[in-house]
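Peer 1: Going by numbering that gives the first Met the number 0, the residue at position 235 of the sequence shown is 234; the numbering climbs one at a time, nothing skipped.
Where a beta carbon is used, it is the ideal one built from N, C-alpha and C, also for glycine.
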Amino acid sequence: MKKHDQNSRSYSSDSARVNTPVLRNNQPVPSPFVNDGSYEEPSGKPTKKSSKKINKKQFHVYVFVLFIWLLAITFGILYGYKRFNAFLVEYEASYQSSMPNLVMDQIFTHFEARDIDYIWQNMPEHPTVSQFENEDAIRNYMLSMMEGKNLTYVESGEYTADRPCYAIEADGYVIGTVTLQRIGQKEYGNPVWGLSSISFPVLPLEGAMITLPSNSTVYINGIQLDETYITEETPADEDELQYVEPYGGSIPGFTTYAVSGLYFEPEVEVKDYTGAVSPVEYNVDFDRYSANYSTNHPERETLEQYGIDFTTTFANVISMDEDLSALDPYFPPDSLAYNYISRSTALRYFTGHGAVTIQNEEVQEFIAYNDDTVYMQVYIEQEMQMWPDPEVVPTTTHIYLTRIDGEWQISGMRY
0 MKKHDQNSRS
10 YSSDSARVNT
20 PVLRNNQPVP
30 SPFVNDGSYE
40 EPSGKPTKKS
50 SKKINKKQFH
60 VYVFVLFIWL
70 LAITFGILYG
80 YKRFNAFLVE
90 YEASYQSSMP
100 NLVMDQIFTH
110 FEARDIDYIW
120 QNMPEHPTVS
130 QFENEDAIRN
140 YMLSMMEGKN
150 LTYVESGEYT
160 ADRPCYAIEA
170 DGYVIGTVTL
180 QRIGQKEYGN
190 PVWGLSSISF
200 PVLPLEGAMI
210 TLPSNSTVYI
220 NGIQLDETYI
230 TEETPADEDE
240 LQYVEPYGGS
250 IPGFTTYAVS
260 GLYFEPEVEV
270 KDYTGAVSPV
280 EYNVDFDRYS
290 ANYSTNHPER
300 ETLEQYGIDF
310 TTTFANVISM
320 DEDLSALDPY
330 FPPDSLAYNY
340 ISRSTALRYF
350 TGHGAVTIQN
360 EEVQEFIAYN
370 DDTVYMQVYI
380 EQEMQMWPDP
390 EVVPTTTHIY
400 LTRIDGEWQI
410 SGMRY
């Protein structure tokens with residue numbers, strides 16, 4: 000072991016000192032930076048300049064991370080916004096497509112097209128129809144309520160969110176309703192609507208009141224009315240009956256029938272007692288149809304000639320060109336009409352004249368009450384030779400003919 004010589008020095012921790020160099024004038028200050036460029040205090044800690052450089056590096060990293068983070072947040076927001084916007088678009092489309100008025104628009108096209116078959120098929124209850132009309136009459140009546148009119152639809156007073164109801168209007172007047180119902184569900188819980196029912200109420204406001212002879216028959220739209228439709232029966236006038244009843248003749252009264260609950264003005268047909276069609280008149284003021292006694296008779300031609308012959312004989316008796324007895328074949332025994340003629344003062348005071356010619360014979364009215372009783376109005380003209388000029392004397396008779404014991408005779412005369 001090497002020993003230290005006397006000149007060697009020994010050091011202890013107590014004697015150790017840090018020598019601070021003494022700077023002289025114009026001497027450079029020793030550099031505090033070590034070889035790697037760091038700054039050290041005598042104690043070995045980093046200098047202030049070294050700390051600032053480290054913070055600068057950290058700041059750059061922080062900015063970069065912050066930028067990446069903000070970029071990620073931005074893209075996240077944009078993506079979320081895009082997805083949310085897509086959701087809103089899809090939801091709005093789903094919501095709009097679930098609106099009940101869209102379904103109503105489709106249904107309304109059938110009204111605009113006057114598609115009566117579609118309307119009829121979707122009516123749970125159909126209007127009632129009488130025996131005088133059929134289903135087609137109701138359909139045509141419904142079409143008439145829409146024809147030539149401006150159709151629109153609005154929410155009715157019964158509209159609810161769960162049961163949409165729309166009123167169909169024709170020129171502003173409600174003619175029907177359409178009710179929708181839920182038939183399913185779309186995405187996002189939006190409902191699917193479908194047609195529930197169509198209501199098209201119609202009121203049959205037409206009818207007919209017909210008065211006709213009691214021995215005639217009446218038909219409404221080709222269907223004969225029976226006694227259940229009779230509302231009134233009126234007997235024949237007593238003034239007329241007095242001319243025929245004493246001799247076995249008869250005159251029917253009048254019967255009134257009434258029919259209601261029709262959708263259209265009916266076709267009224269009346270047939271007389273022979274089965275022939277009788278003319279029918281309509282009185283606007285009284286809203287009533289009427290038919291008179293028949294003008295048909297199987298012996299009409301013979302009866303008209305009979306009436307002309309009687310009127311001619313009657314006129315000649317009155318003018319004293321024939322004897323009163325010439326009228327005997329025309330009247331039954333104890334005839335009041337014959338008795339009245341025989342007592343007429345005209346037989347004694349008729350103007351004197353020469354030859355008489357009968358002309359212009361005409362049956363102006365013919366009524367067949369039935370097979371055995373007839374009324375006629377007969378007109379003839381007598382051309383009489385008078386001085387200085389001939390004179391035409393008209394005669395009109397109103398006679399009732401009754402078949403008595405199988406033969407036609409004058410049962411009465413009306414003046």
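(1) Find out if the Cβ-Cβ distance for the pair Tyr242, Met208 is shorter than 9 Å.
(2) May I ask you to report which of helix, strand or coil DSSP gives His125?
(3) Quick check on the DSSP output: the beta strand (DSSP E) that includes Gly306 runs from which residue to which?
(4) Do you know how far the Cα of Gly75 is from the Cα of Gln57?
(5) Counting Cβ pairs, one atom from each stretch, are 3 or more of them under 8 Å apart for the segment 271-280 and the segment 292-310?
(6) Nearest to Asn291 by alpha carbon, out of Glu268, Gln358, Ile229?
(7) Starting from Thr356, follow its DSSP beta bridges and name the residues at the other end.
(8) Helix, strand or coil for Ala169, going by three-state DSSP, please let me know.
(9) Between Leu150 and Glu168, how many whole angstroms is the CB-CB distance? I'm expecting something under 8 Å.
(10) So, under 8 Å CB-CB, Gly247 and Ala235 are touching, yes? Tell me the CB distance rounded to an integer number of Å.
(11) Going residue by residue through the segment 201-263, where are the continuous alpha helix (DSSP H) segments of at least 4 residues, counting only ones entirely within it?
(12) Ordered along the chain, which non-local residues of its own chain (more than five positions away) have a Cβ less than 7 Å from that of Ala314?
(13) Excluding sequence positions up to five away, which residues of its chain have a Cβ less than 8 Å from the Cβ of Val355?
(14) Helix, strand or coil for His59 per DSSP?
(15) Excluding five sequence neighbours on each side, which residues of the same chain lie with their C-beta closer than 8 Å to the C-beta of Gly221?
(16) Taking only three categories from DSSP, how would you classify Asn338?
(17) For Leu261, which of Ile137, Ile219, Pro203 has the nearest alpha-carbon?
(18) Closest by CA to Thr396, which one among Asn214, Gln184, Tyr374?
(19) Apply the 10 Å Cβ neighbour rule to Phe131 and answer buried if 16 or more other Cβ atoms are within range, or exposed otherwise.
(20) Grouping DSSP H, G and I as helix and E and B as strand, with all else coil, what is Asn282?
(21) Thinking Met98 and Tyr165 are a contact (beta carbons under 8 Å), I'd like their distance in whole angstroms, please.
(22) Give the straight-line distance between the Cα atoms of Thr210 and Thr227, rounded to the nearest whole angstrom.
Peer 2: Based on what the coordinates show:
(1) Here residue 242 refers to the residue found at position 243 when the sequence shown is read from its first residue. Here residue 208 refers to the residue found at position 209 when the sequence shown is read from its first residue. Cβ distance not < 9 Å, so Tyr242 and Met208 don't count as in contact.
(2) Reading the sequence shown from its first residue, position 126 is the one you call residue 125. Three-state DSSP puts His125 in coil, outside helix and strand.
(3) Along the sequence shown, read from residue 1 onward, the residue named residue 306 stands at position 307. Gly306 -> not in any beta strand (DSSP E); alpha helix (DSSP H) instead, spanning 299-317.
(4) Stepping through the sequence shown from its first residue, residue 57 is reached at position 58. Stepping through the sequence shown from its first residue, residue 75 is reached at position 76. Gln57 and Gly75: Cα-Cα distance of roughly 26 Å.
(5) yes
(6) The residue labelled residue 291 in the question sits at position 292 within the sequence shown. Asn291 has its Cα closest to that of Glu268, out of Glu268, Gln358, Ile229.
(7) Position 357 of the sequence shown, counted from the first residue, corresponds to residue 356. For Thr356, which the question treats as bridged, DSSP gives the partners Glu382.
(8) To locate residue 169, count along the sequence shown from 1; it is residue 170. In the structure shown, Ala169 sits in a strand (DSSP, three-state: E or B).
(9) On the sequence shown, position 151 is the one that residue 150 refers to. On the sequence shown, position 169 is the one that residue 168 refers to. About 7 Å; that satisfies the 8 Å criterion.
(10) What you label residue 247 is simply residue 248 of the sequence shown in a count that begins at 1. What you label residue 235 is simply residue 236 of the sequence shown in a count that begins at 1. That pair is no contact at about 15 Å.
(11) 237-240
(12) Position 315 of the sequence shown, counting from 1, holds the residue named residue 314. Excluding residues within five positions, the ones whose Cβ falls inside 7 Å are Ile379, Gln381, Thr394.
(13) On the sequence shown, residue 355 is found 356 positions in, with the first residue counted as 1. Taken in chain order, the residues that qualify are Asn315, Ser318, Asp320, Gln381, Glu382, Met383, Gln384.
(14) The residue given as residue 59 occupies position 60 in the sequence shown. DSSP places His59 in helix when its eight states are reduced to three.
(15) Reading the sequence shown from its first residue, position 222 is the one you call residue 221. Once the five neighbours on either side are set aside, the close Cβ partners of Gly221 are Glu266, Glu268.
(16) Taking the sequence shown and counting its residues from 1, the one referred to as residue 338 is at position 339. Correct three-state label for Asn338: helix.
(17) Taking the sequence shown and counting its residues from 1, the one referred to as residue 261 is at position 262. The option with the nearest alpha carbon to Leu261 is Pro203.
(18) Counted from its first residue, the sequence shown places residue 396 at position 397. Ranking the options by Cα distance to Thr396, first place goes to Tyr374.
(19) Position 132 of the sequence shown, counted from the first residue, corresponds to residue 131. Burial call: buried.
(20) Locating residue 282 in the sequence shown gives position 283, counting from the first residue. Strand.
(21) Counted from its first residue, the sequence shown places residue 98 at position 99. Counted from its first residue, the sequence shown places residue 165 at position 166. About 13 Å; that fails the 8 Å criterion.
(22) Against the sequence shown, residue 210 aligns to sequence position 211. Against the sequence shown, residue 227 aligns to sequence position 228. Whole-angstrom Cα-Cα distance: 15 Å.
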